[in-house]
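Protein chains in written order, with this note's numbering: chain Y, 28 to 378; chain D, 28 to 378; chain H, 28 to 378; chain W, 28 to 378.
Every residue gets a Cβ at the ideal spot worked out from N, C-alpha and C, and that includes glycine.
All remarks here apply to the structure that follows.
Structure follows, in structure tokens:
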């Protein structure tokens with residue numbers, strides 16, 4: 028009998044063996060606590076090379092942690108953070124941003140496929156009441172890359188949004204929970220995908236792309252880094268055995284591991300999307316530009332997946348999310364497509 | 028040439044191999060995210076057995092996280108938390124408790140060797156202004172076990188404090204960053220050392236006793252657990268790949284590992300203390316009841332340690348903290364004692 | 028030359044002479060501070076009679092204060108507050124609700140003329156993720172009565188919303204900055220307009236209806252009142268010379284002053300609306316059910332008002348808000364209508 | 028039968044007639060809301076003259092409001108505020124400072140008669156852990172002038188503390204709930220008593236010295252004023268009918284009213300202290316340098332006051348606080364002294 032295949036989320040998967048091995052290999056001797064160790068120092072050097080800039084890097088336990096603490100560093104308590112209406116920080120973090128920022132306001136902006144629409148942002152800002160004490164003041168734009176609907180902002184799109192943000196003296200945060208996937212998709216360097224696009228601070232996702240229990244904040248603007256040291260301590264994020272987080276961040280980028288993993292996940296998603304839509308039983312509702320596939324399924328296709336023990340994340344109205352991971356086998360994708368195709372054939376014959 | 032020996036903190040050490048191995052062994056397949064997995068469910072069962080009570084357990088990244096979120100669950104924003112003046116939450120967490128509790132007040136109480144003095148607590152509470160809107164209202168007593176000065180509260184001492192807390196309708200939190208060491212020292216069961224002493228919520232320390240990047244909150248009072256689910260999410264503590272934290276919590280207590288580790292650390296500390304004080308060059312300034320040794324060193328002894336590349340944590344006025352860990356070799360202790368003894372001989376002859 | 032007439036807001040007006048006189052008449056002798064005085068006690072009695080219920084009343088400096096502290100009493104930090112998209116708390120209080128509630132989330136709901144639409148509320152709640160840790164949890168519905176667009180919820184409308192709120196175990200807050208106007212409009216008792224409609228806590232507006240520097244929170248649910256005592260102190264709202272606030276609250280309702288004032292303001296608004304729309308130069312964009320008139324003006328009419336030194340509050344797209352106050356003279360209304368009419372005549376002749 | 032005399036607090040008294048009259052005289056016409064009016068503009072001019080500096084002035088409802096918002100403007104959430112152990116902000120504001128500052132830490136420092144001792148402050152700062160993420164970072168020193176024990180810092184004392192603060196790059200806040208009394212006592216100008224002593228931001232007390240429902244924040248450092256505009260709005264302090272607060276602040280200083288009132292209160296306190304101590308039945312426990320008298324009473328004297336219907340504020344251990352107000356009659360003081368003296372005579376004869 029076939030094993031279950033789990034497409035529900037990136038987070039259901041295991042850890043990249045390279046990371047787990049590096050972790051185990053670190054386990055000897057003593058080292059200074061709270062980030063005073065050599066591996067933590069190496070992270071700063073290695074990531075500065077990687078990003079071609081003098082960055083500060085802070086390991087944090089989760090992507091929500093990365094987002095909330097980054098946004099709090101950019102935004103005063105009376106500030107407003109412009110986000111996509113479907114941004115994770117707006118819909119799925121139980122008010123973490125509001126908590127860490129001491130009450131800043133998330134202002135949802137619309138846009139196709141999870142991308143903030145530049146015109147919609149302009150309009151929201153026109154009505155923002157800059158300088159009026161009655162209004163939370165525009166402080167930050169947060170962009171999710173890849174987006175919550177599996178799309179990837181183009182450089183032109185990012186530049187347009189950055190220009191608007193700058194014109195309003197706002198900081199730019201990037202929620203890069205799937206940053207590796209976005210780079211793999213855009214085929215650009217980390218620098219080209221972040222600070223060269225105007226990003227000031229980045230939630231650098233690791234967990235969703237083969238990580239363990241650690242993500243990171245990468246800071247491109249020194250003034251933002253200054254307060255993070257204290258913010259990280261008072262949030263309880265600052266691990267005393269930091270070297271074991273640092274080694275994860277090092278292993279993750281060693282030999283371009285992160286990009287290899289992301290490329291594979293993206294490739295599987297592309298294959299999956301092609302396979303599903305070819306059958307006619309599934310219709311894409313967003314472009315597949317990273318590792319997520321959003322499709323509307325026929326009832327029969329949904330039932331077929333269920334019968335084949337293929338788990339997906341329901342999003343209402345027959346829409347499902349299917350997330351591909353680098354640890355999946357080619358055969359998983361094939362089996363999934365086959366389940367739907369075969370069923371669809373049956374369905375068509377029955378008509 | 029001799030290698031460095033590092034007595035500065037529990038946190039400078041490596042991870043117990045059993046935990047690292049269990050982590051690696053978990054690394055396959057898919058599992059529900061955010062604690063919906065089987066290992067997380069097993070943690071609740073296993074810890075409920077261990078504590079002989081139906082407990083809730085929440086994995087968190089750090090001890091500060093455990094303290095701050097536990098105290099926030101017990102204390103309204105206008106509440107007062109009575110702590111020892113040297114409590115970690117009061118001195119070393121950069122205001123995490125104030126942040127998570129939305130402004131509750133830590134009221135420092137004195138007492139020898141890090142133990143809250145019952146009479147001092149009574150007096151502080153007499154002056155607390157219960158029911159007066161001008162005053163932060165007594166809500167919680169937090170006890171550190173073992174204390175910040177290496178002492179361990181006796182059951183009688185805990186019972187006396189608990190009675191006072193109950194008489195004032197206060198919750199009791201235990202900062203158990205070194206809870207295993209305290210149990211090993213008191214030679215009692217987890218239940219006897221916690222909820223049978225009146226503890227409502229426990230910061231269950233793992234990191235300092237061979238853990239990796241994970242501590243826990245153990246909740247004995249169901250009403251406190253209810254809000255924690257949301258608190259954990261909005262603090263960014265809730266790992267999506269929770270099973271990798273759960274497996275650490277399981278391995279930690281498997282086969283009484285945690286108690287074996289703590290007993291060894293305590294034993295080394297006892298040997299170290301005996302050896303150092305026998306020389307006459309070091310004077311204990313607190314009883315050695317767990318794995319920490321606080322001594323006042325002669326200048327010569329301090330210099331000797333330095334020469335021998337033995338690192339200690341200075342606490343001012345020639346006082347140093349020396350923390351023993353289970354991963355240390357017997358020879359490390361012997362070498363440390365020898366360094367001071369030998370030197371002390373020289374010093375005495377020189378006089 | 029004509030004096031300026033100021034229709035911009037209720038807040039630009041003076042204080043009802045009865046309140047000012049009562050304040051001056053209180054100014055002798057000594058009285059216990061912080062609300063321990065006889066006048067504060069009398070407020071509770073008098074308002075309990077007025078509301079036909081055992082209410083608690085807390086004087087606060089502003090309507091924003093009343094809203095933010097009321098909402099914080101109903102809503103945990105991880106709670107969600109469902110409000111109209113144009114609610115004052117959502118648009119014009121610089122994040123006061125987020126601040127006082129320690130990060131609760133305002134969820135904007137649409138609806139005509141500032142009234143929350145029941146179907147829209149139902150839909151928003153269907154998607155609220157009750158019990159999911161990722162989501163801010165539905166806690167409170169806040170209704171503005173009269174609404175930000177000058178409309179007044181009918182009893183049937185309030186009952187429908189209350190039923191939805193109850194079905195989701197949510198509290199109901201009413202922003203009654205113009206509560207007197209709403210009662211005058213609905214011609215019902217304070218009880219009928221508040222707790223009999225399911226309201227748990229009321230921002231009881233005084234300032235906009237002839238008050239000075241004081242509004243109030245009226246609490247119908249005893250459990251909500253318990254925490255307010257401390258909340259009021261730590262927000263710095265608790266006046267030490269409370270009797271001078273209490274006397275304002277007493278004078279405001281003495282001999283139904285508040286309702287007389289509101290009726291007059293409503294009447295003037297009705298006359299104004301009729302006069303303006305009869306000319307054809309202004310078109311109502313919301314029903315005039317209390318003391319506010321929202322109209323779209325022709326360019327000529329806007330210019331005419333300006334020439335006649337009649338000040339209005341612009342709301343974009345040629346829409347203006349004109350607020351009538353009880354202290355306005357009949358002649359003010361007449362002059363305003365005349366200015367537009369006369370001009371409109373000219374304008375029509377010119378065509 | 029004699030009327031009660033109430034020495035419990037400054038706050039039990041009435042309002043200076045000049046302020047009440049000015050308030051009533053303002054009550055006509057319309058004016059821009061939220062501080063856009065002419066009287067609010069005049070406050071800035073008038074207070075800038077008064078303080079011989081370009082100050083910003085913000086009316087707030089209470090002294091607690093003034094303290095909490097001032098301290099929040101000086102102190103980041105991870106900051107530490109050094110205060111006297113008996114500072115109102117530390118003992119009597121239910122955590123307002125912690126709330127408004129989002130969790131900053133009040134560090135209590137000792138010193139005689141409510142004055143922070145310079146050596147104690149130095150010592151506390153030596154141990155502050157500047158730059159260490161574990162510690163709340165020294166940000167602000169708050170001084171209460173006159174102190175909570177009725178003493179007044181000399182200029183030399185203030186200068187010494189300011190020098191320490193500056194050496195540690197800290198801001199200086201003055202809690203001037205009794206600032207007028209301190210100026211009257213020191214016989215110096217407002218500038219000499221504030222910014223020339225290094226004060227950056229001042230809680231300017233009005234209520235305790237004949238005010239109504241309004242105190243103020245006076246800001247000497249422009250960078251601190253910038254954020255206050257938004258802070259004031261989101262705290263709900265910003266009155267819409269601000270002109271009625273502004274007129275109080277103007278009347279309070281018009282013709283040096285505030286200093287006349289303070290001088291009279293101070294004078295009465297001096298007479299009272301002399302009279303009470305001459306009898307031998309009361310012993311001063313703090314110098315009487317403003318309008319407060321702290322004495323230890325014999326049991327007989329305490330009983331005599333009680334019989335004579337003279338109310339005082341008990342502070343434990345037979346210590347009472349007696350506060351003189353400008354509205355008290357000379358005869359009140361005489362009667363109080365007589366009650367104790369007469370009784371003391373009886374008491375002595377009885378011995």
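Neighbourhood of residue i by C-beta distance below 7 Å, restricted to the same chain and skipping five residues each side
| i | result |
| --- | --- |
| residue 129 of chain D | 104 |
| residue 279 of chain W | 46, 233, 238, 285 |
| residue 151 of chain Y | 109, 134, 136 |
| residue 313 of chain D | 140, 176, 177, 178, 321 |
| residue 293 of chain D | 208, 211, 212, 317, 318 |
is_contact[residue i, chain H] using C-beta, thresh 8 Å
| i | result |
| --- | --- |
| residue 248 of chain D | no |
| residue 270 of chain D | no |
| residue 157 of chain D | no |
| residue 71 of chain D | no |
| residue 361 of chain W | no |
| residue 12 of chain W | The structure shown does not extend to residue 12 of chain W, since chain W spans only 28 to 378, so no value can be given for it. |
Limits of the unbroken beta strand (DSSP E) element including residue i
| i | result |
| --- | --- |
| residue 180 of chain D | Residue 180 of chain D -> no beta strand (DSSP E), and no H or E assigned at all. |
| residue 56 of chain H | Neither: residue 56 of chain H is in no beta strand (DSSP E) and is coded neither H nor E. |
Top-ranked residue by Cα proximity to residue i, from the options
| i | options | result |
| --- | --- | --- |
| residue 309 of chain D | D:345, D:34, D:317 | D:345 |
| residue 93 of chain W | W:288, W:124, W:34 | W:124 |
| residue 246 of chain W | W:198, W:325, W:182 | W:198 |
| residue 304 of chain H | H:333, H:281, H:365 | H:365 |
| residue 55 of chain Y | D:54, D:44, D:64 | D:44 |
| residue 119 of chain Y | D:277, D:340, D:267, D:357 | D:267 |
CB contact below 8 Å: residue i versus chain D
| i | result |
| --- | --- |
| residue 119 of chain W | yes |
| residue 125 of chain W | yes |
| residue 47 of chain Y | yes |
| residue 105 of chain H | yes |
| residue 109 of chain Y | no |
| residue 176 of chain Y | no |
| residue 161 of chain W | yes |
Proximity test, Cβ basis, 8 Å: residue i and chain W
| i | result |
| --- | --- |
| residue 37 of chain D | no |
CB contact check: residue i to chain Y, cutoff 8 Å
| i | result |
| --- | --- |
| residue 95 of chain H | no |
| residue 222 of chain D | no |
| residue 235 of chain H | no |
Spatial neighbours of residue i in its chain, beta-carbon cut-off 6 Å, leaving aside the 5 residues before and after
| i | result |
| --- | --- |
| residue 194 of chain D | none |
Span of the alpha helix (DSSP H), counted from its first residue to its last, around residue i
| i | result |
| --- | --- |
| residue 71 of chain Y | 65-78 |
| residue 283 of chain H | Run containing residue 283 of chain H: none; DSSP gives neither H nor E here. |
| residue 101 of chain Y | 90-101 |
| residue 203 of chain W | Here residue 203 of chain W belongs to no alpha helix (DSSP H); instead the beta strand (DSSP E) covers 198-203. |
Practice problem: Determine, using beta-carbon pairs with one atom in the region 237-256 of chain D and one in the region 209-228 of chain D, whether at least three such pairs fall under 8 Å. | Solution: Judged by pairs of C-beta atoms under 8 Å, the region 237-256 of chain D touches the region 209-228 of chain D, as three or more such pairs exist.
Quiz item: Would you call the region 30-46 of chain D and the region 68-75 of chain Y touching, i.e. three or more CB-CB distances under 8 Å?
Solution: In this structure the region 30-46 of chain D does not lie against the region 68-75 of chain Y, because fewer than three pairs of beta carbons, one per stretch, are closer than 8 Å.
Quiz item: Is it a yes or a no for the region 165-176 of chain H touching the region 93-102 of chain H, going by three-plus beta-carbon pairs under 8 Å?
Solution: Yes, they touch.
Quiz item: Touch check for the region 326-343 of chain D and the region 214-224 of chain D: three-plus C-beta pairs under 8 Å?
Solution: Judged by Cβ distances under 8 Å, the region 326-343 of chain D makes no contact with the region 214-224 of chain D, as fewer than three pairs qualify.
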